[in-house]
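Those protein sequence lines, which keep their order, are chains U and A. Residues in the first sequence are numbered consecutively from 0, following numbering that gives the first Met the number 0. Residues in the second sequence are numbered consecutively from 0, following numbering that gives the first Met the number 0.
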Amino acid sequence: MKNIRSGITFGIIGGMLTFLFGGWSVAIIGSLMGVGLGMGISGKLERKEPLKIILAVLPTALVAAVILVLLSLYQNNFVQHAIGKRPAADKIVLYGNLIGFFGTILFTTLLAALHGLPEKQEQKWRMVLLTLLVIAFPFVDKLTALRWTAQIIFALIFVILGLGLNIVVGYAGLLDLGYAAFFAIGAYTTGILSSPQHGIFMNFWLVIWIAAAMAAIWGFMLGAPTLPLRGDYLAIVTLGFGEIVPVLFKNLIDVTIKEPFTCWILPGLLKLFGAQTTMACITLMEHEDLTAGEKGISPIGRPYLPFIGEFKSSDPIPWYFLIIAIIILSVFIIRRLRDSRLGRSWMAIREDELAAAQMGIDPVKTKLAAFAMGATFSGFAGAFYAAYIAGIFPSVFDFSASIIILCVVILGGIGNINGVIVGGLVIMTADRLFLPALKDFLASLLTHTVLPSISDPVVQLAVKDNANPILYRFLLFGLTLVIMMAVRPEGLIPNAQVRAELHPDETPAIEVETPTSKKAKKG
Amino acid sequence: MLELKDVHTYYGNIHALKGISLKVNDGEIVTLIGSNGAGKSTTLRTIQGLNKPRSGSIVLDGVELHKLPAHEIATLGVAQSPEGRMIFPRMTVMENLEMGAYVRKDLTSFKDDIEHVFSLFPRLKERITQKGGTLSGGEQQMLAMGRALMAKPKILLLDEPSMGLAPLLVELIFDIIKKLNEEGTTILLVEQNALMALSIAHRGYVLQTGEIILSDSAKNLKNDEMVQKSYLGVE
């Protein structure tokens, strides 16, 4: 019964989403919904033969699919009229809904049926299936002309940022409110090293590593002064860094660095003894318009690959696969780090710094490593972002960016890699896809329904201007955070440890597999 | 093996240790007894490097500990089962024990050591996947001791191992301390339960307001009139 209820919920949410996007969207929404529904309910099922599971979840899948298609048809026949748009072509409606219907059923039953396999196999096949979906997505998106890929890429950038911040906040327990600073450092490094504005034009594949290294170095340097601080005090200092860095980039316009010995010390000494100085002053660096202030750096060099050529802004597919590759690399590295000695010391420091020191863990090194490693990944993200947008502006990296990244981590589940990935996708697709679509939808709906009946032009304008959900995005972020903290403080996909702490009565002792415990068990 | 010479430690302006000198020889159990606030725990914290002495020296096998930070002292073979236990609450029992072995370079005998800890504290084996924070007080004490043992320390510092435990458990813990010593671990034991401590220790020091007022063999201390009156409750 509970499953049927989730089926209904999923169906309604999916159907409502077709209201916003229309056309082919029902096909993609149906398939994605099926994946979500299948994975969501499979956890609650008993492990039995796959066929029996399919029979058990079939009603749920059917309910979700029917609701989705009904709502989608309603959208096409009535809602489109209401918002003054023509219904989609019959062919699109027919095939879109058919694919949506069977996609929902297929993916729901398939993912639920995987639960019938032993756990290791289930995870393996689930990964295979998700990988196929990830690969297929941009091509399906291109075929159906929905143009979601370009926006999904932004979500994926925030996934990397979330993964990096998760090291600092989730693993080492150091609350960093200025994480966007490292994002900015990565992006500006890329901008300065590969923009025609400066005459330096380095290859993107080199620059991305330099950007990551720069971010790591600055993570190290900005981490150092915070070492004696804990808790709230640390958060306040990082907040300061988060404010300083974008301001610095905004004002780092004309830069001259002179060699101090020949420019000031020697002439000063000579003057002291009354000698005339005609010595040449050595200028180490002189640069006009280094970051170009508010105007930002643009254009920025793009990656180039044989066979594919230079990545273009008109074709998001190569970018999509590039960022997916960066994410896979990051997840791989972060997993290894988490299970390493260093990962253990992060967790020990998070739990109890004094006890950790007694175990022989150097708190200074451990914390600096967390800051540096966390910053590295935002360096990757920054380099990719700069190249993808082909321009960088200081306002992108302000405090709100840090908060959004923190939201990604909190919403997904502090300390959990999968959680952070889901968190990033949810928050950024909501921000980039859902809200703009909702804005268009509301605007056309109002133009055709409410607005003509308002006689006062002032009121009419006020309604029109304020019915824009993008204006309220921070309100929505805030609300999401408040609701999450009240209802599910451990995040969407929680870390086992955090969940155990927040709901000690609900969860039985969870077995946390660690490399050594595995070995110990075998032996 | 471990020698403190005229150690002075301060908390801000509070003069907590006023020139402590003591010595622990290889293979001994040495106990520090004294009332609340006498400076027993501070002495252990100072040895461990959690508090830095303002003057004096602490030497372990020729290495000057007072010049080193806490984590380096740990790598030299000083392990503490701290007061209040300080286990890692969100890590499992197994992970806590693994953290104990963090300082060791050589992990070939890791499995045997874990088994050894479990043979001393069978209770921990039953709780192997449970979070440290969900253990009972006695179990946490066992975990703190087990974790300290996992470091294979040269010297084990035990801070109030009997605190807050039921009488039966106290006896068990003291039996284990004795057993550990017989296996060759040098132990510096801080206890309020002076009677228990003196019954297993070889030598003892009596602390009062940051100073050592008496030091002798455990047997003599047990028979000392002043000790009996002040710490053993004998009228």
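A virtual CB, placed ideally from N, CA and C, is assigned to each residue, including glycine.
In the three-state DSSP reduction, residue 200 of chain A falls in the coil class, being neither helix nor strand.
Interface annotation, residue 316 of chain U: not in contact with chain A, CB-CB separation never under 7 angstroms. Counted as a single uninterrupted DSSP element, the alpha helix (DSSP H) harbouring residue 222 of chain U occupies residues 203-222. Here the alpha carbons of residue 279 of chain U and residue 153 of chain U stand approximately 50 angstroms from one another. With at least 16 other beta carbons inside 10 angstroms of its own, residue 23 of chain U counts as buried. Between the segment 173-181 of chain A and the segment 80-88 of chain A there are fewer than three C-beta pairs closer than 8 angstroms, too few to call the two in contact. Residues of chain A whose Cβ lies closer than 7 angstroms to the Cβ of residue 347 of chain U are, in chain order, 87 and 98. One alpha carbon belongs to residue 157 of chain U, the other to residue 199 of chain U, and they sit about 28 angstroms apart.
By the CB criterion at 7 angstroms, residue 298 of chain U and residue 203 of chain U fall outside the cutoff. At a Cβ-Cβ threshold of 7 angstroms, residue 32 of chain A and residue 165 of chain A do not count as neighbours. According to DSSP, residue 78 of chain A shares a beta bridge with A:155. A Cβ of chain A is located within less than 7 angstroms of the beta carbon of residue 354 of chain U. Contact with chain A is found for residue 350 of chain U, since one of that chain's Cβ atoms lies less than 7 angstroms from the residue's Cβ. By the Cβ-count criterion, residue 135 of chain A is exposed, with fewer than 16 other Cβ atoms from all chains shown falling within 10 Å of its own Cβ. Per DSSP, the beta-bridge partners of residue 33 of chain A are A:206. Burial check for residue 232 of chain U: the Cβ neighbour count within 10 Å stays below 16, so the residue is exposed.
In this structure residue 397 of chain U does not touch residue 493 of chain U by the C-beta definition: roughly 30 angstroms separates them, more than the 8 angstroms allowed.
Excluding five sequence positions before and after residue 24 of chain A, the CB atoms of its chain that fall closer than 8 angstroms to its own CB belong to 0 and 185, given in chain order.
Annotation for residue 156 of chain U: the continuous alpha helix (DSSP H) segment containing it runs 148-164.
Judged by their CB atoms, residue 43 of chain A and residue 158 of chain A are nearer to each other than the 7 angstroms cut-off.
Taking CB atoms only, residue 74 of chain A has a neighbour in chain U less than 7 angstroms away. Rounded to whole angstroms, the gap between the alpha carbons of residue 193 of chain U and residue 155 of chain U is 23 angstroms.
Using a Cβ-Cβ cut-off of 7 angstroms, residue 79 of chain A counts as an interface residue toward chain U, since at least one Cβ of chain U sits closer than that to its own. Listed along chain U, the residues sitting closer than 8 angstroms to residue 49 of chain A by beta-carbon distance are 353, 356 and 357. Only those residues of the segment 359-387 of chain U whose C-beta falls short of 8 angstroms from the nearest C-beta of chain A are listed: 359, 360, 361 and 362. In the same chain as residue 78 of chain U, and ignoring 5 residues on each side of it, the C-beta atoms closer than 6 angstroms to its own belong to 18, in chain order. What residue 101 of chain A touches in chain U, judged by beta-carbon distance under 8 angstroms, is 340, 343, 344, 347, 358, 359 and 360, going in chain order. For residue 193 of chain U, the secondary structure class from DSSP, reduced to helix, strand or coil, is strand.
In the three-state reduction of the DSSP assignment, residue 112 of chain A falls in the helix class.
Counted as a single uninterrupted DSSP element, the stretch harbouring residue 86 of chain A is not any alpha helix (DSSP H), since DSSP gives it neither H nor E. Take the alpha-carbon of residue 77 of chain A and the one of residue 174 of chain U: they are about 32 angstroms apart. Nearest C-alpha to residue 259 of chain U among U:247, U:249, U:416 and U:281: U:281. A direct Cα-Cα distance of roughly 7 angstroms separates residue 112 of chain A from residue 149 of chain A. Beyond the five residues adjoining it in sequence on each side, residue 316 of chain U comes within less than 6 angstroms, by CB distance, of 137 in the same chain, given in chain order. In this structure, residue 217 of chain A places its C-beta atom within 7 angstroms of the C-beta atom of residue 203 of chain A. Under DSSP, residue 200 of chain U forms a beta bridge with U:193.
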